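One structure below.
Numbering (my numbering), first residue to last: 5 to 258.
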């Protein structure tokens, strides 16, 4: 009974922590998205609700990744029968080869992260996904260096160790997710925006509470259009029989 009461008392704190975490991750995603497009968070006319709504973009992908990694980890543990690295090597019929094989898997990863920073000087253009995984691996290597001492590990709580290891990695992942999404904006679908007596074609990058963030294919830059100035907007298609999409409650115009 006492434990149940304590759990109920902790519920508001857990909800507040979860909400703060969602906001931090959403702002990190928006930071990467805007940074790739040459816009800072200070310049973007965003509100708190805009950042929270960004979670609808990144959350499904993150949850699928977490689910996939969890399934792979559980499957791997089942195959290895829950044994540790040392137990796997000791029980193997060819322990020397098993030890060499399992430890050799890290060398291609090290080669990749060493090669990554010099690719710009070699004229090699890698996708953002490569930089994302490379940056996360670099962080893990740096974190291992910070804690590569028995005395430090003995004086560090497990919760701090895990938080300091995985929180920066998660933020790096989300920032790059935002940048990867922004990279696709110039090739997005064109929309016709009816603004006053003018009709302008823009790529719709994001819809905020009070503004549309659009990509101008002519000037090749981001623009913010007030929703109050937009009478209607429609996707540009070959079939001209499609009716314009009239603004909803959040896209009303005077």
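Positions of the beta carbon are idealized from the N, C-alpha and C atoms, including for glycine. From a predicted model like this one, the values you see are computed outputs, not experimental measurements.
Outcome for residue i when other beta-carbon atoms lying within 10 angstroms are tallied against a minimum of 16
| i | result |
| --- | --- |
| residue 34 | buried |
| residue 17 | exposed |
| residue 118 | exposed |
| residue 93 | buried |
| residue 225 | exposed |
| residue 153 | exposed |
| residue 245 | Interpretation of residue 245 is limited by its pLDDT of 41, a score under 50 that renders its predicted location unreliable; the figure taken from the coordinates is listed afterwards. By the 10 Å Cβ count, residue 245 comes out exposed. |
| residue 146 | exposed |
Nearest to residue i (by Cα), restricted to the options the options
| i | options | result |
| --- | --- | --- |
| residue 187 | 170, 207, 173, 198 | 207 |
| residue 214 | 234, 201, 198, 134 | 234 |
| residue 69 | 195, 239, 181 | 181 |
| residue 220 | 62, 61, 189 | 189 |
| residue 103 | 113, 114, 115, 90 | 90 |
| residue 57 | 101, 211, 131, 172 | 211 |
Bridge-paired residues (DSSP) for residue i
| i | result |
| --- | --- |
| residue 239 | 195 |
| residue 229 | 216 |
| residue 206 | 195 |
| residue 211 | 216 |
Within-7 Å CB hit, residue i to chain D
| i | result |
| --- | --- |
| residue 110 | Chain labels in this structure do not include chain D; a single protein chain is all it has. |
Anticipated Cβ contact below 8 Å, residue i with residue j, distance rounded
| i | j | result |
| --- | --- | --- |
| residue 240 | residue 229 | About 16 Å; that fails the 8 Å criterion. |
| residue 44 | residue 52 | With a Cβ gap of about 17 Å, residue 44 and residue 52 do not count as contacting. |
| residue 29 | residue 178 | 5 Å |
| residue 231 | residue 216 | 6 Å |
| residue 174 | residue 36 | Between residue 36 and residue 174 the Cβ distance is about 13 Å, and since that is not below 8 Å, they are no contact. |
In chain order, which alpha helix (DSSP H) runs of at least 4 residues are fully inside the segment 10-92? DSSP runs (the alpha helix (DSSP H)) wholly in the segment 10-92: 52-57, 59-83.
In chain order, what are the residue ranges of uninterrupted beta strand (DSSP E) at least 3 long that sit wholly in the segment 95-152? Note on the segment 95-152: there is no whole beta strand (DSSP E) run with a minimum of 3 residues.
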